[in-house]
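Undergrad: My structure is below; once you've seen it, I'll send some questions.
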Amino acid sequence: MKWTWVLVAVLLSFGGQSLATESLDFPEYDGKDRVHNLDAKNYKSVMRKYDVMVVYYHDHPGSSRVAQRQFETEELALERAAQVLDEFEDEDIGVGLIDAKLDKVVAKKLGLEESDSIFIFTDDEVIEYDGELEADTLVEFIYDVLEDPVEIIDNSRELKGFESIEEDIKLVGYFKSHKSEHFEAFADAAEEFHPHIKFFATFNPKVAKALELKLDEVDFYESFLENPVVIPGKPYSEKELVKFIENNDRPTLRKLKPSNLYEIWVRNVTLSALHQFFFYGEFLHKLKQVAEDNTDNPNLSILWIDPDDFPLLLPHWEKTFGIDLSHPQIGVIEADDADSVWMDIDNGEDLPSVDELEEWLEDEISLGLVNKFYCFLFLFDQVKADSVDALELSGLELDSLIDDDCQLKDILPGKHSHELMNIAIIILME
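Quick note, the sequence shown lines up with residues -20 to -1, 1 to 410 if you use mature numbering (1 follows the signal peptide of the UniProt record, and there is no 0).
This is the structure:
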C-alpha cells in the first residue's frame, strides 16, 4: 500500500491528505520527540518496551526538497498520534520509523515488504493500516485494534447500538456461553478480520430472539443492507466461517472513509463497471434499495463518497467531471480518457426512483460505455500551496505505468513518487 498511490477496484480515490472532521479532541503538539528511529542496533530493545508498536516503513526521502517536506509532514502526524497514545493507560504504545533504504535489514527481520505503509505490532499479530496518514484517523484505528475482536450484546441498549451500525460489514452469533466451543471458533475467526470487520455475539436468549437467531447460528450483514444472510451449515468451524466471509466481503454498497482510503480492493476480475456516486439523505436511501435488489449481482458495485468528508477535493471533482456537488450525482466514468456520463437529476429537486436508477445503470452498461478492462491514471490539476506544481502525466502511456495485474510499474523516476500528491487510479473491470 502506497501513501502517494491509490490502487482500487470499483471506486474512485485520490492521494494526499484531506481535512476530514476530527472526531477526537486532539491537543496541540507539545514539541516532545516520541517517535523512534528504528535501526539494526536498537529496534529489538525499543520494541520490547511497548505492548503495541506502530511502525511506519517509509521510502527514503533523499535530497528532494519536496520529498523531505512530505516526510516531515508525515513525521509530525506520527508525533501527534504518539503524544495522544502516550496517555493511553491500558497499554504502552510506541511509534517508530524504519527507512526503506537505510534499514532494509530491520524491515526484512520484521517481515515488512511494502514501503510507505504503517504496520501495527500487537501480541503475535501484525496489522496493516490502510487509512490516511492523519493523527486522528490513525489513533482511532489503533483504539479499534485494542478492542476485543468480539463485542458482546447483553441488553436492549447494546442491541440498539448494534442495529445502528450500517456502514460496515458485521456478523452476530448466538451461543450458549463464553466457554462454548462454537463461540471459540467464532472468536478465532474474528481475530482473522479484526478490526476491519465487526463481530458481535450474544448469550442472552431475549437478544437472540430479537435478532431471530437460533443457538450457534451466525448472521452476516452486508454494509447498508438491513436483512442479513444466515451463514449455512451451523455449527461452524473457524475455517468455515473464514471461508464464508472471504467469499462475501465485497459489499454491493460501500462508503469511502479516511480509515479505508488506501485499501487495495482488487479481488474479483469479473466485475464489469465502475459506478461513481456522490449522494446523501434520500438519495442514499434509494441507493440502498438498489444495492438490496442487486446484492447477488457481481456486476454492480457502488461506492458512496460523502463530499463533506473530503472538502479539499470538491473543486477537483467538479472541474474534472463537470458536475455540481451541491446536490447528489450518479455517473459512470470512462477510464481511458476520464470521460463520464452523469444522470440528469435536475439539481436534486426531483430525485430518481429506485427503478429509474436501476434502468439508467443497465442502459449505460448495455450501450458499451464500459466494455473492457481498464486501468487509468488520473492526476488532479491542483496540489497544496506548499508543494510543487503537479507533475503532468497526460503524455505517459498507460501501458508503461500499469502491468498485467494492474499494479504500478517501478519505472517513474524515484524523486517523482513524492511529488504525486493528488492522484487517483480508476479501475474498470470486465
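The beta-carbon is built from N, C-alpha and C at its ideal position, and this holds for glycine as well.
Roughly how many angstroms lie between the CA atoms of Lys194 and Leu337, to the nearest whole one?
TA: Answer to the nearest angstrom: the Cα atoms are 37 angstroms apart.
Undergrad: Could you give the distance in angstroms between the alpha-carbon of Ser136 and the alpha-carbon of Val187?
TA: Going by the C-alpha atoms only, they are around 7 angstroms apart.
Undergrad: With a CB to CB cut of under 8 angstroms and the five nearest residues on each side skipped, what residues in its chain are close to Asn22?
TA: Within the same chain, Asn22 has close Cβ partners His16.
Undergrad: Under the rule that 16 or more other beta-carbon atoms within 10 Å means buried, what is residue 414, buried or exposed?
TA: No statement about residue 414 is possible, as the shown extent of the chain runs from -20 to 410 and does not include it.
Undergrad: Excluding the five sequence neighbours on either side, which residues of its own chain have a C-beta within less than 8 angstroms of the C-beta of Pro41, listed in chain order?
TA: Only Ala47, Gln48, Gln50, Phe51, His398 meet the Cβ criterion.
Undergrad: In three-state DSSP terms, what is Met323?
TA: In the structure shown, Met323 sits in coil (DSSP, three-state: anything other than H, G, I, E or B).
Undergrad: How many Å lie between Leu58 and Ile303 at the Cα?
TA: Those two C-alpha atoms are separated by around 36 angstroms.
Undergrad: Tell me the DSSP secondary structure of Thr117 in three-state form.
TA: Of the three classes helix, strand and coil, the one that applies to Thr117 here is helix, per DSSP.
Undergrad: Hey, Ser97 and Glu112: beta-carbon distance below 8 angstroms or not?
TA: No, Cβ-Cβ distance for Ser97 and Glu112 is not below 8 angstroms.
Undergrad: DSSP on Lys140, reduced to helix/strand/coil?
TA: DSSP places Lys140 in helix when its eight states are reduced to three.
Undergrad: Considering Lys178, what are the terminal residues of the beta strand (DSSP E) in which it resides?
TA: Looking at the DSSP string, the run of the beta strand (DSSP E) that includes Lys178 is 178 to 182.
Undergrad: So, for Ala167: in the same chain, excluding its five sequence neighbours on each side, which residues have a beta-carbon less than 7 angstroms away from its beta-carbon?
TA: Hits under 7 angstroms: Pro129, Val130.
Undergrad: In whole angstroms, what is the alpha-carbon distance linking Ala80 and Glu93?
TA: For Ala80 and Glu93, the distance between alpha carbons rounds to 9 angstroms.
Undergrad: Which partner residues of Glu108 appear in the DSSP bridge assignment?
TA: Beta-bridge pairing links Glu108 to Phe99.
Undergrad: Pull up the DSSP beta-bridge partners for Gly153, would you.
TA: For Gly153, which the question treats as bridged, DSSP gives the partners Ala181, Val198.
Undergrad: Lys29 to Asp72, Cα distance in whole Å?
TA: Taking the straight line from one Cα to the other gives about 8 angstroms.
Undergrad: In its own chain, which residues sit with a C-beta less than 7 angstroms from the C-beta of Glu220, not counting the 5 before and 5 after it?
TA: These residues qualify, in order along the chain: Gly213.
Undergrad: Excluding five sequence neighbours on each side, which residues of the same chain lie with their C-beta closer than 7 angstroms to the C-beta of Asn240?
TA: Here the set comprises Asp110, Gly111.
Undergrad: Between which residues of its own chain and Glu226 is the CB-CB distance below 7 angstroms, once the five residues before and five after are set aside?
TA: The answer is none, since no qualifying residue turns up.
Undergrad: Where does the unbroken beta strand (DSSP E) through Leu77 begin, and where does it stop?
TA: Its beta strand (DSSP E) spans residues 73 to 79.
Undergrad: In the DSSP assignment, the alpha helix (DSSP H) including Leu221 goes from what residue to what residue?
TA: Counting along the chain, the alpha helix (DSSP H) containing Leu221 begins and ends at 218 to 228.
Undergrad: Quick one, which of Leu82, Tyr123, Val85 has its alpha-carbon nearest Ile100's?
TA: Residue Tyr123 is the option with its Cα nearest to Ile100.
Undergrad: Using DSSP bridges, identify the partner residues of Glu131.
TA: Bridge partners of Glu131: Phe180.
Undergrad: Tell me His162's beta-bridge partners as DSSP assigns them.
TA: None; His162 has no bridge partner.
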